[in-house]
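Numbering (the working numbering), first residue to last: 42 to 374.
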Amino acid sequence: MDFETILENLKKKIYHPIYLLQGEEPFFIDQVSNYIEKNVLTDAEKGFNQSIFYGKDSEPQNIAESALRFPMMADRQVIIVKEAQSMKKIENLGNYAEKPMASTILVLNYKYKNLDARTKLAKAIKKNGVILTTKKIYENQVPAWIEKYLRKHNFTIEPQAAQILTAYLGTDLSKVANELNKLVIAVKETNQITPAHIEKNIGLSKDYNLFELQDALGTRNIFKANQIIQYFGANPQQHPIQKTTATLFSYFSKIFSYHFLKDKSERGAVSQLGGHPFYIRKIIAASKKYNPTKLYEIIGILREYDMKSKGMGVSGLTDSGELQKEMIYKILH
42 MDFETILENL
52 KKKIYHPIYL
62 LQGEEPFFID
72 QVSNYIEKNV
82 LTDAEKGFNQ
92 SIFYGKDSEP
102 QNIAESALRF
112 PMMADRQVII
122 VKEAQSMKKI
132 ENLGNYAEKP
142 MASTILVLNY
152 KYKNLDARTK
162 LAKAIKKNGV
172 ILTTKKIYEN
182 QVPAWIEKYL
192 RKHNFTIEPQ
202 AAQILTAYLG
212 TDLSKVANEL
222 NKLVIAVKET
232 NQITPAHIEK
242 NIGLSKDYNL
252 FELQDALGTR
262 NIFKANQIIQ
272 YFGANPQQHP
282 IQKTTATLFS
292 YFSKIFSYHF
302 LKDKSERGAV
312 SQLGGHPFYI
322 RKIIAASKKY
332 NPTKLYEIIG
342 ILREYDMKSK
352 GMGVSGLTDS
362 GELQKEMIYK
372 ILH
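Now the structure itself:
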């Protein structure tokens, strides 16, 4: 079952005896688990009927025994196992999962990995409960996720603002959601978030960020690119070279891939490369400035400076700001 369906069912008070929340993206796991923890029982019911266990400190037998108890002065009880991936012999919950208590909601937060689908426990949960398997989203999917998240709060966001946030925050959805929640509270005069709002409320410059650096490089604006990289050098903690190289590697790899698409229309590029049309239009424009040979060279430069940033092959030049300046010079010339 997918994340949206699970949440919709919970809001409709459609409950299942066991929830296995697993996978690489903890944000979705936390959202479901937190909703159950906060909303299934009333505050008065929680004292006797809601228990929190931690996998590292818990035994499957103890959890099964707790799950088999009847609720007290309530229709159901809730048992949440956090960090269930650290529980030894978690598969021993298989017998309980085959015949779960209808009045118990057992939630297993199994983060960063998946329970072996071949086990008795996994098969029983599939039959009698709900399994949510989460995956990390790719960076080019984050802007669309930001737009969708804000729509639920009756907000919109300018495409450039979504790209700036993505370049700054990456794919950590918990971090992205936290910053978006701050923006929703802070921005009162409008329901559309702009780059200016991000600069004012998050402290990320709307003019000197990774997205603007991509734009400057994509248009071969040497003056603007040098301005931004000077700013990065003066703010190394906020703009480490490792983040710059990773972002630019993804950017130039997409431009390189665009050259070899069969369908080079905007729609074709969106479908094959992924990402917001706003972003893809910039990729198409940049492809006119860089031929495949130069792009191959740039990808090599980015790999070289990623290694240098980690202390490999460096002869004296170790300052992050200086390395970034040298890297950008080589890209542009």
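Ideal placement from N, C-alpha and C gives every residue a C-beta, glycine not left out.
As the structure is a computational prediction, the values presented were derived from the model and not from experiment.
For residue i, which option in the options has the closest C-alpha, if you only look at C-alpha atoms?
i           : options               : result
residue 369 : 116, 232 and 271      : 271
residue 114 : 136, 82, 72 and 142   : 82
residue 151 : 200, 96, 90 and 112   : 96
residue 179 : 259, 324, 157 and 317 : 317
residue 216 : 186, 199 and 300      : 186
residue 60  : 123, 102 and 112      : 123
residue 101 : 85, 125, 111 and 163  : 125
residue 108 : 265, 142 and 76       : 142
residue 168 : 273, 76, 42 and 46    : 42
residue 170 : 149, 154, 153 and 177 : 149
residue 365 : 332, 303, 333 and 269 : 269
residue 67  : 91, 46, 332 and 154   : 154
Decide if residue i is buried, meaning its Cβ has at least 16 other Cβ atoms within 10 Å, or exposed.
i           : result
residue 326 : exposed
residue 285 : buried
residue 93  : exposed
residue 248 : exposed
residue 343 : buried
residue 337 : exposed
residue 276 : exposed
residue 75  : exposed
residue 204 : buried
residue 91  : buried
residue 347 : buried
residue 341 : exposed
Note down the Cα distance separating residue i from residue j, rounded to an integer number of angstroms.
i           : j           : result
residue 219 : residue 226 : 11 Å
residue 78  : residue 210 : 28 Å
residue 134 : residue 189 : 37 Å
residue 214 : residue 250 : 19 Å
residue 328 : residue 212 : 25 Å
residue 130 : residue 55  : 30 Å
residue 87  : residue 158 : 32 Å
residue 195 : residue 111 : 41 Å
residue 243 : residue 263 : 27 Å
residue 35  : residue 223 : Past the boundaries of the shown model lies residue 35; the chain is included only from 42 to 374, so the question cannot be answered.
residue 184 : residue 207 : 6 Å
residue 162 : residue 98  : 20 Å
residue 121 : residue 281 : 38 Å
residue 362 : residue 339 : 19 Å
residue 253 : residue 71  : 33 Å
residue 106 : residue 294 : 54 Å
residue 127 : residue 288 : 33 Å
residue 80  : residue 51  : 9 Å
residue 173 : residue 261 : 45 Å
residue 58  : residue 147 : 6 Å
residue 330 : residue 297 : 11 Å
residue 49  : residue 193 : 13 Å
residue 349 : residue 62  : 40 Å
residue 265 : residue 372 : 14 Å
residue 302 : residue 177 : 26 Å
residue 333 : residue 360 : 30 Å
residue 304 : residue 335 : 22 Å
residue 299 : residue 290 : 14 Å
residue 160 : residue 132 : 7 Å
residue 279 : residue 245 : 9 Å
residue 191 : residue 353 : 42 Å
residue 384 : residue 283 : Examination of residue 384 is not possible in this model, given that the chain is present from 42 through 374 alone.
residue 367 : residue 259 : 17 Å
Residues in the same chain with beta-carbon distance under 7 Å from residue i, minus the five sequence neighbours each way, listed in chain order, please.
i           : result
residue 165 : 135, 138 and 139
residue 307 : 318, 321, 322 and 325
residue 311 : 318 and 321
residue 104 : 94, 120, 122 and 134
residue 241 : none
Residues in its own chain within less than 6 Å of residue i by CB, not counting five upstream and five downstream?
i           : result
residue 255 : 292
residue 69  : 44 and 175
residue 235 : 199 and 202
residue 144 : 112 and 117
residue 53  : none
residue 313 : 302
residue 273 : 280 and 365
Could you name the residues of the same chain whose beta carbon sits closer than 8 Å to that of residue i, not counting the 5 residues immediately before and after it, in chain order?
i           : result
residue 315 : 179, 181 and 182
residue 237 : 247
residue 228 : 196, 234, 238 and 242
Would you say residue i faces chain B, with C-beta separation under 7 Å as the test?
i           : result
residue 313 : Protein chains in the displayed structure number just one, and chain B is not present.
### Task
Would you mind listing the alpha helix (DSSP H) stretches within the stretch 251-300 that are 4+ residues and don't spill past its ends, in chain order?
251-259, 263-275 and 282-299
#### Entry: Contained beta strand (DSSP E) runs [length at least 3] in the stretch 111-147, N- to C-terminal order
Along the length of the stretch 111-147, whole beta strand (DSSP E) runs at least 3 residues long occupy 118-123, reported in chain order.
#### Entry: Segments of 3+ residues assigned as beta strand (DSSP E) that fall wholly inside the stretch 48-118
Runs of the beta strand (DSSP E) inside the stretch 48-118: 59-64 and 91-95.
### Task
Mind listing, in chain order, the continuous alpha helix (DSSP H) runs of no fewer than 4 residues lying wholly within the stretch 159-232?
161-169, 183-192, 200-210 and 214-227
### Task
Write down every uninterrupted run of the alpha helix (DSSP H) in the stretch 322-368 whose length is 4 residues or greater and which is fully enclosed by it, in chain order.
333-350
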